[in-house]
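Q: If you want this note's numbering, it's the position in the first sequence, counting the first as 1, plus 12.
Where is the CB? At the ideal position from N, CA and C, for every residue including glycine.
Bear in mind the structure is a predicted one, so any value in this text is a computation, not a measurement.
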Amino acid sequence: MHPYRTHTCGDLRPEQKDQTVRLSGWVFRKRDHGQLIFIDLRDHYGVTQVVFHPDRPFFDEVQKIRLESVITVTGQVAARSLETVNPDLPTGAVELVVDAYEVISLADPLPLHLAGEDEGPEDIRLKYRFLDLRRERLHRNLILRSDIIASLRRRMLEQNFREFQTPILTSSSPEGARDYLVPSRVHPGKFYALPQAPQQFKQLLMIAGFDRYFQIAPCFRDEDARADRSPGEFYQLDIEMSYVTQDDIFNVVEQVIYGVFKEFSNWKLDPAPFVRIPYREAMEKYGSDKPDLRIPIEMRDVSALFKESKFNAFRSVVEKGGVVRAIPVKAISDKPRSFFDKLVEYAQSIGSKGLAYLVWSEGAVKGPIAKFMAPDELARLATMCGVGEGDVIFFVADAAKSANRIGGDLRSKLGRDLDLIAKEVYRFCWIVDFPMFEFDEESQAIIFSHNPFSMPQGGMQALLEKDPLDILAYQYDIVCNGCELSSGAIRNHSPEIMYKAFEMAGYGQDEVDRRFGAMINAFKLGAPPHGGLAPGVDRMVMLLANETNIREVIAFPMNQKAQDLMMNAPATVTEKQLRELHIAIKLPPARAVEPGTTPAPAGG
RNA sequence: GGGGGCGUAGCUCAAUUGGUUAGAGUCCCAGACUGUCGAUCUGGUUGUUGCGGGUUCGAGUCCCGUCGCUCCCGCCA
13 MHPYRTHTCG
23 DLRPEQKDQT
33 VRLSGWVFRK
43 RDHGQLIFID
53 LRDHYGVTQV
63 VFHPDRPFFD
73 EVQKIRLESV
83 ITVTGQVAAR
93 SLETVNPDLP
103 TGAVELVVDA
113 YEVISLADPL
123 PLHLAGEDEG
133 PEDIRLKYRF
143 LDLRRERLHR
153 NLILRSDIIA
163 SLRRRMLEQN
173 FREFQTPILT
183 SSSPEGARDY
193 LVPSRVHPGK
203 FYALPQAPQQ
213 FKQLLMIAGF
223 DRYFQIAPCF
233 RDEDARADRS
243 PGEFYQLDIE
253 MSYVTQDDIF
263 NVVEQVIYGV
273 FKEFSNWKLD
283 PAPFVRIPYR
293 EAMEKYGSDK
303 PDLRIPIEMR
313 DVSALFKESK
323 FNAFRSVVEK
333 GGVVRAIPVK
343 AISDKPRSFF
353 DKLVEYAQSI
363 GSKGLAYLVW
373 SEGAVKGPIA
383 KFMAPDELAR
393 LATMCGVGEG
403 DVIFFVADAA
413 KSANRIGGDL
423 RSKLGRDLDL
433 IAKEVYRFCW
443 IVDFPMFEFD
453 EESQAIIFSH
463 NPFSMPQGGM
473 QALLEKDPLD
483 ILAYQYDIVC
493 NGCELSSGAI
503 RNHSPEIMYK
513 AFEMAGYGQD
523 EVDRRFGAMI
533 NAFKLGAPPH
543 GGLAPGVDRM
553 VMLLANETNI
563 REVIAFPMNQ
573 KAQDLMMNAP
583 ATVTEKQLRE
593 LHIAIKLPPA
603 RAVEPGTTPA
613 PAGG
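#1: Once DSSP output is grouped into helix, strand and coil, what is the label at R165?
#2: Can you tell which of V115, V110, L108, F142 has the C-alpha that lies nearest to the C-alpha of L124?
#3: Contact check, G470 vs A501 under 8 Å by CB: the rounded distance?
#4: For P303, which residues from the same chain have a beta carbon less than 6 Å from its beta carbon, with the 5 sequence-adjacent residues on both sides left out?
#5: Give the secondary structure of V329 by DSSP, where H, G and I count as helix, E and B as strand, and everything else as coil.
#6: For E266, I'd like the list of residues in its chain whose CB is within less than 7 Å of its CB, leaving aside the five on either flank, ordered along the chain.
#7: Using only alpha-carbon positions, find the residue among P387, R306, Y204, K425 that is nearest to P179.
#8: Which residue comes first and which comes last in the alpha helix (DSSP H) that contains S361?
#9: Less than 6 Å between C-beta atoms, sequence neighbours within five positions excluded: which residues of the same chain meet that for A343?
#10: Between the Cα of A237 and those of P569, E148, N580, F528, spot the shortest distance and give me the residue it belongs to.
#11: With a cut-off of 8 Å, do at least 3 Cβ pairs link the stretch 313-333 to the stretch 378-398?
#12: Going by C-alpha to C-alpha distance, which of V377, S506, D410 sits closest to S328?
#13: Pick out the complete beta strand (DSSP E) segments inside the stretch 422-483, 3 residues or longer, and give them in chain order.
#14: Can you list, in chain order, the residues of its chain whose CB lies under 8 Å from that of L48, leaving out five sequence neighbours each side?
#15: Among D429, W442, C492, which has the Cα closest to the Cα of E436?
#16: Can you say whether D152 is buried or exposed, counting buried as having 16 or more other CB atoms within 10 angstroms of its CB?
#17: Check each candidate in M552, N571, R591 and name the one with the smallest Cα separation from S158.
#18: Kindly list the residues whose CB is nearer than 6 Å to the CB of L193, restricted to its own chain and excluding five residues on each side of it in sequence; keep chain order.
#19: Check the DSSP bridge columns for E252 and list the partner residues they point to.
#20: First and last residue of the beta strand (DSSP E) that includes G11?
#21: So, is Y76 buried or exposed, given that buried needs 16 or more other C-beta atoms within 10 angstroms?
#22: Quick check for students: name the residue ranges of the alpha helix (DSSP H) that lie wholly in the stretch 117-200, counting only runs of 4 or more.
#23: Out of curiosity, what's the CA-to-CA distance linking G518 and K378?
#24: Assuming A574 and P243 form a contact by the criterion Cβ under 8 Å, report the distance between their Cβ atoms to the nearest whole angstrom.
#25: Residues in its own chain within less than 6 Å of L24 by CB, not counting five upstream and five downstream?
#26: Kindly provide the ranges of any alpha helix (DSSP H) runs that are 4 or more residues long and lie completely inside the stretch 529-588, ordered along the chain.
#27: Please state whether DSSP places P26 in a helix, a strand or coil.
#28: Just the C-alpha distance for R428 and A434, rounded to the nearest angstrom, thanks.
#29: What are the start and end residues of the alpha helix (DSSP H) that includes P496?
#30: Taking DSSP's pairing of strands, which residues face Y247 in a bridge?
#31: Going by beta-carbon coordinates alone, are R12 and A338 separated by less than 8 Å?
#32: With 16 other CB atoms within 10 Å as the buried threshold, where does L481 fall?
#33: What does the alpha-carbon distance come out to for the pair L590 and F246?
#34: State the DSSP-derived secondary structure class of S373, mapped to helix, strand or coil.
#35: Let me know the secondary structure DSSP gives K512 once reduced to three states.
#36: Which residue comes first and which comes last in the alpha helix (DSSP H) that contains L393?
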């Protein structure tokens with residue numbers, strides 16, 4: 013007999029009745045009746061009830077065994093009597109009556125509860141991640157992750173993509189996020205950088221003629237975390253294709269994404285092709301370039317109407333170049349005054365100067381600004397926003413950027429608070445036609461608004477003839493339920509257009525050569541038109557696992573401050589290591605006052 | 001770097017307008033119990049209320065500072 017097991021804890025059924033079998037696993041739950049002990053034995057595959065009778069020599073030992081200890085038990089499979097069958101367990105029709113018992117590994121009292129719903133504090137969960145991962149939910153999430161990645165690989169290979177590995181130790185990229193740096197022992201004072209993404213390598217693979225590339229690629233960025241953004245490192249399904257248009261890329265990606273979401277979820281799903289929303293329209297309607305289409309609220313631009321109105325507060329905003337956005341919401345006119353007051357307060361807390369609203373109620377239009385509005389203006393608003401009896405319109409007036417941000421935030425909040433978010437559905441869209449450049453208020457200069465390697469729509473002619481701020485790029489995002497899955501672009505494969513685009517963003521030719529030499533050189537030696545994108549694997553798994561925090565789908569995540577509390581990273585290293593790397597540490601000034609050193613006040 | 005929330009037993013949480021000895025469940029320890037499946041029952045241990053200071057006759061509660069975790073803004077080509 014195998015020393016550890018003949019079956020797993022998920023295997024046994026009435027068919028194995030009377031067989032002698034062996035199981036190994038963790039003591040999940042224990043029910044001690046004094047003259048009879050039940051243990052729910054758990055492994056990766058399931059849970060099986062094992063029964064201990066008091067005539068066995070190890071009975072006292074079993075009474076003392078602590079939860080999560082690892083044991084091996086051998087005995088006969090018995091069918092449970094009808095009243096004692098547990099319908100909640102797949103193995104619930106049988107139990108194992110133990111004749112031989114061996115303790116493999118004793119567990120100390122646990123720092124976390126594993127049975128039950130309580131999760132415990134985040135730092136303890138992370139420090140004891142291997143325990144946390146024993147829980148069913150996390151265990152299931154990581155299995156799902158593995159299955160999703162296998163499916164992604166299969167779907168990519170089926171579409172004639174090949175998987176490539178690209179360097180992890182590479183050079184620091186001049187644009188974008190902060191790099192993680194790795195000092196070179198052989199080259200004093202020089203550093204490798206971990207790749208923020210394999211962007212340049214995948215383009216070079218296209219230039220090398222491989223036509224269709226993908227990689228489940230690790231990416232490293234030294235930026236702060238969010239609930240949907242793991243600090244330090246994450247994975248992308250990195251994709252690049254040659255001789256393609258934007259539509260070709262959408263087509264491929266829609267098949268893969270739709271297929272994977274269909275395979276791993278029974279939620280409703282937008283069919284391909286996914287709706288395409290120009291960036292400017294998304295900002296106007298949803299106040300976001302990653303709109304959550306599950307929320308049935310669309311903003312309207314009503315600047316023109318208020319420009320002519322008698323309502324000074326809004327008219328002056330529009331006259332100064334600002335905008336007025338209307339947020340129509342159906343059937344909430346009966347909400348109490350406090351609802352509106354709280355929303356106004358919330359709007360102010362996120363930086364709005366105020367929050368006006370109109371209420372269509374009992375055949376009249378009410379609300380703080382109703383008295384400033386002419387009847388025909390109210391009628392036109394109702395038509396433009398599609399509102400009627402019982403509906404409400406909120407208004408945000410501000411500079412376009414702020415109005416979009418505040419309006420978008422309010423739209424989401426209204427969706428959440430009013431429970432308007434469609435349930436059990438994945439809503440996808442492409443955001444297309446991102447601007448190539450934007451005006452940076454801080455530096456008072458034109459900068460790339462996204463990836464500098466994107467092809468401007470209209471090519472060289474557009475760069476030469478159009479207002480830079482009106483030039484669009486073949487740059488797109490794919491968004492699901494308000495979560496940005498991926499950015500991508502048709503790349504700029506022409507050195508001339510590239511130099512010109514960089515020039516417009518304030519970079520000279522020599523600077524481009526210095527920073528992107530490998531790419532430019534490659535473009536000068538025969539480059540196919542190409543493009544791609546890179547959906548975030550962690551985010552896809554997060555959506556499919558229906559988790560709101562990305563840590564729940566990563567085996568060993570770092571905390572918000574990019575520390576691994578289990579492995580104690582980052583950590584100091586030895587003097588010897590530093591010497592070999594030619595590194596001297598220069599710490600920031602220590603914090604001023606130690607606790608307890610403050611002079612006590614005199615008297616008493 | 002900035003803003004919000006949280007911090008009470010190993011874990012989950014309670015503690016009235018500031019009021020006397022900070023409680024409950026769970027875990028742990030001891031005992032009882034032959035059909036449970038979150039077993040049950042009896043008893044017991046467990047606290048620098050994150051830390052430091054202040055106000056007060058009196059602080060878990062109020063104030064200031066600080067630390068930790070988290071969410072958000074900045075940031076993420």
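A: A quick look at the data gives this:
#1: helix
#2: F142
#3: Actually they are not in contact, since the Cβ atoms of G470 and A501 sit about 15 Å apart, beyond 8 Å.
#4: A294
#5: helix
#6: A284, P285, F286
#7: Y204
#8: 349-361
#9: G402
#10: P569
#11: yes
#12: D410
#13: 440-444, 449-452, 457-460
#14: V63, F64, H65, P66
#15: C492
#16: With the sequence shown as reference, residue 152 is identified as Arg, and Asp is not the correct amino acid for it. Per the 10 Å Cβ criterion, exposed.
#17: M552
#18: F203, A205
#19: Y225, G544
#20: No information on residue 11 is available, as it lies outside the stretch 13 to 616 that the chain covers here.
#21: Here the sequence assigns Lys to residue 76, which means Tyr is not the residue at that position. Exposed is the call here.
#22: 134-139, 141-144, 148-170
#23: 52 Å
#24: 4 Å
#25: T60, V89, T103, V106
#26: 529-535, 549-556
#27: helix
#28: 10 Å
#29: Sequence inspection shows Glu at residue 496; the Pro mentioned does not correspond to that position. Run containing E496: none in the alpha helix (DSSP H); it sits in the beta strand (DSSP E), 495-502.
#30: P230
#31: Since the first and last residues shown for the chain are 13 and 616, residue 12 lies out of range.
#32: exposed
#33: 28 Å
#34: strand
#35: helix
#36: 387-397
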